[in-house]
Every structure is written in C-alpha cells, then in structure tokens.
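Participant: Take 205 as the starting number for the sequence shown in our numbering and just add one per residue.
No residue lacks a Cβ here, since even glycine has one placed at the ideal position from N, Cα and C.
Before anything else, here's the structure in question.
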Amino acid sequence: MQSQYQLKFYLLMFVSLIAFGTSFFQWFENLSLSDAFYFCIVTIATVGYGDISPATTPGKAMALLLIVMGAGTFLGVMANATEIVLNKRGKKVRLEKLNTMMGLFFSEAGTHLLSIFANNDKHLDTVIKKSFLINNKWQDNDFIELKKKLPTLRLMVNHEKVQFKDLSLFLNEKSDLFLRLIENPTLQEDENFTKLLISILHLKEELTARKQLKKLPESDRQHLAGDCNRAYIQLFDHWIDYMWYIKDRYPFLFSLAVRQNPFDTEASVTVRG
205 MQSQYQLKFY LLMFVSLIAF GTSFFQWFEN LSLSDAFYFC IVTIATVGYG
255 DISPATTPGK AMALLLIVMG AGTFLGVMAN ATEIVLNKRG KKVRLEKLNT
305 MMGLFFSEAG THLLSIFANN DKHLDTVIKK SFLINNKWQD NDFIELKKKL
355 PTLRLMVNHE KVQFKDLSLF LNEKSDLFLR LIENPTLQED ENFTKLLISI
405 LHLKEELTAR KQLKKLPESD RQHLAGDCNR AYIQLFDHWI DYMWYIKDRY
455 PFLFSLAVRQ NPFDTEASVT VRG
C-alpha cells in the first residue's frame with residue numbers, strides 16, 4: 205500500500221514537473237507548445253546531453269532543475285512501479301501455495317470433519333442444506349451470498365448426538381497433519397486459517413484430556429460442543445472460500461469436492477451419467 209502512495213506521489217511530481225517545464229520553455233525560450241514539450245522531455249531523458257540546449261539564462265537554470273528533479277522523480281516512479289509488480293507476483297505465488305495447503309487440509313481432514321459437524325447439527329434441515337449444494341452453475345454472486353448468509357446461520361453441534369469418542373480418534377489420527385500445517389510458514393501468513401487450526405487443536409486436546417468420553421455429564425458435553433462450534437463456523441467459512449477458489453482454476457479438484465460435499469446427504473465420489 206505504501207508503494208502505491210509513493211508511486212502516485214512521484215507520478216504527480218513527474219507530470220507536474222513536465223507541465224511546468226513545458227510552460228517555462230514556452231515563455232522564456234519562445235518555443236511552441238510541441239517544441240517546448242519535446243525540449244522538456246529530451247532534457248530529462250538525456251540528462252542535458254540532448255541535441256538542443258536552452259539559449260537564455262532562465263532556460264539553462266530550468267534545464268538544470270529538470271535534470272536533477274526529473275531524473276529523481278523518474279527513478280522514483282520506476283522503482284515503486286517495479287516494487288508493486290514484484291509484490292503482486294509474490295502475492296500470487298503465496299496465494300497459490302496457501303490454497304495448495306488448504307487443498308491438502310480439506311482432502312485429508314477438513315471435509316470429513318465438516319461432515320461430522322454438519323451431520324450432528326441441531327438446526328440444519330434438508331431445505332437449508334440444499335442451499336449449500338455448490339455446483340458448476342454457481343457464479344461469484346452465489347458464493348458472496350452464501351458468505352453473507354453465514355453469520356445468520358445457527359450452526360450448532362448437538363451435544364446429545366455427536367460421538368465424541370469417534371471425533372477424538374479422528375482428530376488424534378490427523379494430529380501430525382495439523383501440526384505440520386500450523387508450522388508451515390506459508391500458512392502463518394493467513395491469520396484466519398491459523399485460528400482455525402488452533403481451534404481444532406484445542407478441541408483435540410480437550411477430548412484427549414478426558415479419560416473416557418461416553419458417560420460425560422451434560423454440562424461437560426455442552427462445553428465440548430461449544431469447542432466444536434468454534435471450529436465448525438470457521439471451517440465452514442474456509443470451505444466456502446476454498447470451493448470458490450478452485451471452481452474456475454482447478455475444475456478437476458472442484459468436481460471431486462462437489463461430489464464430497466459435506467452437506468449433501470447423497471454425496472458420492474462415484475461419477476454417474
């Protein structure tokens with residue numbers, strides 16, 4: 205962002221300098237607009253070694269000013285423009301790496317974990333789930349609307365229904381994956397995804413800390429359900445972003461992800477005609 209402001213500043217300075225220099229040469233060197241503009245550009249571009257030179261003392265002073273300030277502002281424009289291009293390219297590469305890691309997360313654990321939460325949700329009925337059935341016809345507006353709808357959804361795991369023992373076994377099985385992801389420098393740049401992993405690891409620790417998970421008091425089951433909900437909401441949000449990202453960029457990944465939709469009760473990886 206700072207580079208963009210600096211680029212605008214140097215561009216404004218450069219254009220102002222050319223405009224002022226052109227007007228100055230018109231007046232003191234008695235040149236036409238086109239000749240004065242050419243004079244100004246050549247003076248800056250050749251650092252005073254062009255095929256023309258001012259005849260008057262004020263013109264020579266202006267030429268000196270153009271050489272010093274023109275070169276400085278031009279270099280400022282080029283340096284900041286180059287930095288912006290490199291930053292955009294670097295950001296694109298980091299985004300690709302981030303979404304590659306995101307794909308690994310969902311293929312290895314995220315999709316199944318979201319299925320567990322969705323299948324044990326108190327309030328998700330068939331009608332609501334149908335609105336989550338992402339397909340090839342979805343456009344950007346559909347994803348935007350689903351993102352807007354997310355805060356209004358009452359995503360809540362039923363503490364009486366969820367099998368905490370099975371959930372604990374699954375999370376412990378994927379423990380190494382979560383730790384590798386959270387240590388990955390690429391993902392450390394995404395604060396929200398890091399928070400999701402921390403929420404999942406906390407849930408795993410809560411479940412692992414209990415000697416048994418079958419005969420828990422209701423208050424404790426509600427507490428664990430609260431930990432599930434924290435991860436559930438963040439996981440759903442990231443799942444939408446991931447599906448949105450791969451839809452047009454990686455159709456083959458999107459096709460499999462659609463067939464594994466955690467909210468589709470009839471989901472099957474089998475491709476049917």
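1. How far does the alpha helix (DSSP H) with L460 in it extend, from its first residue to its last?
2. Quick one: grab the DSSP three-state call for D445.
3. Expressed to the nearest angstrom, what Euclidean distance is found between the alpha-carbon atoms of E377 and K292?
4. Taking R358 as part of the alpha helix (DSSP H), name the residues at either end of that continuous run.
5. Could you compute how far the alpha carbon of V246 sits from the alpha carbon of T261?
6. Less than 6 Å between C-beta atoms, sequence neighbours within five positions excluded: which residues of the same chain meet that for F467?
7. DSSP beta-bridge partners for D325?
8. By the DSSP assignment, the alpha helix (DSSP H) with P421 in it spans what residues?
9. Of the choices G263, F228, G307, whose alpha-carbon is the least far from that of F456?
10. Go to S372, then tell me how far its alpha helix (DSSP H) extends in each direction, as first and last residue.
11. For my contact list, L211 and V297 are in at a C-beta cut-off of 8 Å; report their separation, rounded to the angstrom.
12. Going by beta-carbon coordinates alone, are H363 and R425 separated by less than 9 Å?
13. Can you tell me whether F336 is helix, strand or coil according to DSSP?
14. What's the C-alpha gap between G314 and I222?
15. Using 8 Å for Cβ pairs, my map puts A435 next to L400. What's the rounded Cβ distance?
16. Mind checking T403: buried by the 16 CB within 10 Å criterion, or exposed?
17. Do I444 and K351 have their C-beta atoms closer together than 9 Å?
18. Ignore the nearest five residues each way along the sequence and tell me which others in M360's own chain have a CB closer than 7 Å to its CB.
19. Using a Cβ-Cβ cut-off of 7 Å (strictly less than) and excluding sequence neighbours within five positions of I338, which residues of its own chain qualify?
20. Mind reading off the beta-carbon distance from H406 to D431? Whole number of angstroms is fine, and I expect it under 8 Å.
21. Which of the three DSSP states is assigned to L428 in this structure?
22. Where does Q343 sit, in a helix, a strand or coil, going by DSSP?
23. Which same chain residues, not among the five before or five after H427, have their C-beta less than 6 Å away from its C-beta?
Facilitator: Checking against the coordinates, here is how it stands:
1. 455-463 is the extent of the alpha helix (DSSP H) around L460.
2. helix
3. Straight-line Cα distance between these residues: approximately 38 Å.
4. Segment: none, R358 is in no alpha helix (DSSP H) and carries neither H nor E.
5. 18 Å
6. Sequence-distant partners of F467 (beyond 5 residues in either direction) whose C-beta falls short of 6 Å from its own C-beta, in its chain, are A322, K333, F336.
7. V361
8. Note, P421: premise wrong, no alpha helix (DSSP H); not H, not E.
9. G307
10. Counting along the chain, the alpha helix (DSSP H) containing S372 begins and ends at 368-377.
11. L211 to V297, Cβ: 22 Å. No contact.
12. When the beta-carbon positions are compared, H363 and R425 come within less than 9 Å of each other.
13. coil
14. Taking C-alpha positions only, G314 is separated from I222 by approximately 58 Å.
15. 7 Å
16. Going by the sequence as given, residue 403 is Ser instead of Thr. Buried, by the Cβ-count rule.
17. yes
18. D325, K326, H327, N433
19. Hits under 7 Å: M447, V462, N465.
20. The Cβ separation is near 6 Å, so the contact holds.
21. Reduced to three states, the DSSP call for L428 is helix.
22. coil
23. none
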